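Presented below is the structure to which this report refers.
Residue numbers (my numbering): 37 to 373.
In structure tokens form, the structure reads like this:
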């Protein structure tokens with residue numbers, strides 16, 4: 037029995053999906069939730085959190101205190117982080133501290149929080165700079181200590197669950213805990229924002245459903261070695277134009293497609309205020325889509341090959357399930373005007 041600690045495991049999206057998938061290994065692996073120690077609590081006494089009707093041990097830690105982190109990892113084989121923080125510096129420092137504690141505790145495997153586009157694009161997106169800081173610190177710590185710990189970064193492209201926002205089917209199931217605002221595809225309100233390559237064509241996108249992300253991560257626990265700096269999982273790689281075509285076919289509605297090129301995106305970024313950080317982030321990722329580069333927005337599914345028992349849902353199947361005629365209430369997306 038291998039214990040796997042999920043930092044940020046109380047997350048209703050990635051944390052929940054990874055833990056649920058680990059629980060499905062029937063005892064082969066045991067999930068442990070790492071949760072932030074409450075400021076008013078001096079005793080980090082473990083409790084349990086109910087996930088998929090299973091009690092999961094929850095250990096409370098201070099990510100800025102090695103004395104609480106290291107003991108919490110003393111019996112842990114693998115640490116997987118899905119940490120989020122509105123403060124990029126705090127986010128990076130928390131993961132770096134967690135990694136140093138993992139080395140001290142003798143953890144065998146570690147994966148920092150990634151779960152987005154390919155790591156090769158980090159240098160293009162200012163909002164991804166903290167991810168570079170974390171990975172560089174991890175590699176430096178390994179060199180400094182000579183630790184045999186195995187490290188990797190899980191990437192999955194965009195979450196397919198964006199397509200479920202406002203669906204007439206089981207929206208709670210479709211979103212899998214996802215609570216973000218629409219990005220790129222807003223079927224509910226009938227619009228699509230499509231980045232354009234410099235030649236005027238549509239780029240490709242990689243989408244993976246959150247539940248499938250959890251299943252791929254759980255399957256990766258059984259790999260003999262984590263010997264790659266990045267392990268990608270793929271629900272489907274498809275061009276923006278094809279996604280629009282499938283949406284319109286399934287819903288019977290015409291989407292309003294707003295095409296945005298590189299220069300338009302740059303101008304928009306220049307005009308944004310500091311409070312518009314979410315839109316700034318979206319525009320930054322859209323610029324990466326404009327490049328349409330293999331390994332960045334179009335991923336190769338390494339874990340799909342290594343873990344063929346995981347059968348991820350594709351875009352058409354997902355849309356049929358939650359927007360098709362069989363979905364409760366039928367399609368309700370508004371027609372384009």
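Yeah, the Cβ is synthetic: ideal placement off N, Cα and C, and Gly gets one too. From a predicted model like this one, the values you see are computed outputs, not experimental measurements.
Item	Value
Whole-angstrom distance between residue 89 and residue 57, CA atom to CA atom	13 Å
Bridge partners - residue 243, DSSP secondary structure assignment	194, 272
Residue from 348, 306, 145 with nearest C-alpha to residue 183	145
Cβ neighbour criterion (16 or more within 10 Å) applied to residue 237	exposed
Beta-carbon contacts of residue 215 that lie in its chain and below 7 Å, excluding the five residues immediately before and after	none
Minimum length 4: unbroken alpha helix (DSSP H) runs contained in the segment 310 to 342	313 to 327, 338 to 342
Proximity of residue 150 and residue 190 at Cβ, strictly below 7 Å	yes
Residue 226 to residue 261 span [Cα, whole Å]	45 Å
Assigned exposure category for residue 84 - 16 Cβ within 10 Å defines buried	exposed
Residue interval of the alpha helix (DSSP H) (run including residue 96)	Unbroken run through residue 96 is the beta strand (DSSP E), 90 to 97; no alpha helix (DSSP H).
Closer than 6 Å: residue 86 CB and nearest the ligand ZN heavy atom	The ligand content of the structure shown is nil, which means the ligand ZN is not present either.
Supposed close pair residue 106, residue 140 - CB separation, criterion 8 Å	5 Å
Status (buried if at least 16 other CB within 10 Å, exposed otherwise) for residue 299	exposed
Delimiting residues of the alpha helix (DSSP H) encompassing residue 107	102 to 108
Test item: CB-CB of residue 161 and residue 240 under 7 Å	no
Length of the line joining the Cα atoms of residue 185 and residue 349	32 Å
Identity of the residues DSSP links to residue 157 by a beta bridge	DSSP output for residue 157 lists no bridge partner at all.
Proximity winner among 287, 363, 91, 273, relative to residue 59 (alpha-carbon distances)	91
One or two residues paired with residue 119 in a DSSP bridge	DSSP, once it has assigned bridges, lists no residue as partnering residue 119.
CB contact check: residue 320 to chain C, cutoff 7 Å	Absence of chain C from the displayed structure is noted, only one protein chain being present.
Residue 61 in three-state terms, based on DSSP	coil
Option nearest residue 112 by Cα separation, candidates 86, 66, 39	39
Of the residues 311, 68, 123, 124, the one placed nearest residue 97, counting alpha carbons only	68
Beta-carbon proximity list for residue 211, same chain, < 6 Å, skipping 5 on both sides	197, 200
Span of the alpha helix (DSSP H) around residue 303	298 to 307
Per DSSP, cross-strand counterpart(s) of residue 69	42, 94
Cβ shell of residue 164 (< 6 Å), same chain only, five flanking positions each side left out	158
Supposed contact pair residue 274 and residue 293 - C-beta distance, whole angstroms, cut 8 Å	Rounded, the Cβ-Cβ distance is 15 Å, inconsistent with contact.
Cα-Cα separation, residue 248 to residue 319	27 Å
Inter-residue spacing [alpha-carbon to alpha-carbon] between residue 219 and residue 328	18 Å
Boundaries (first-last residue) of the beta strand (DSSP E) holding residue 135	Careful: residue 135 lies outside any beta strand (DSSP E), inside the alpha helix (DSSP H) at 124 to 141.
Counterpart residues of residue 293 in DSSP-defined beta bridges	228
Residue range of the unbroken alpha helix (DSSP H) whose run includes residue 145	First-last for residue 145: 145 to 147, but that is the beta strand (DSSP E), not the alpha helix (DSSP H).
Spatially closest choice to residue 103 from 209, 138, 123, by CA coordinates	138
Cβ-Cβ distance between residue 222 and residue 270 below 7 Å	no
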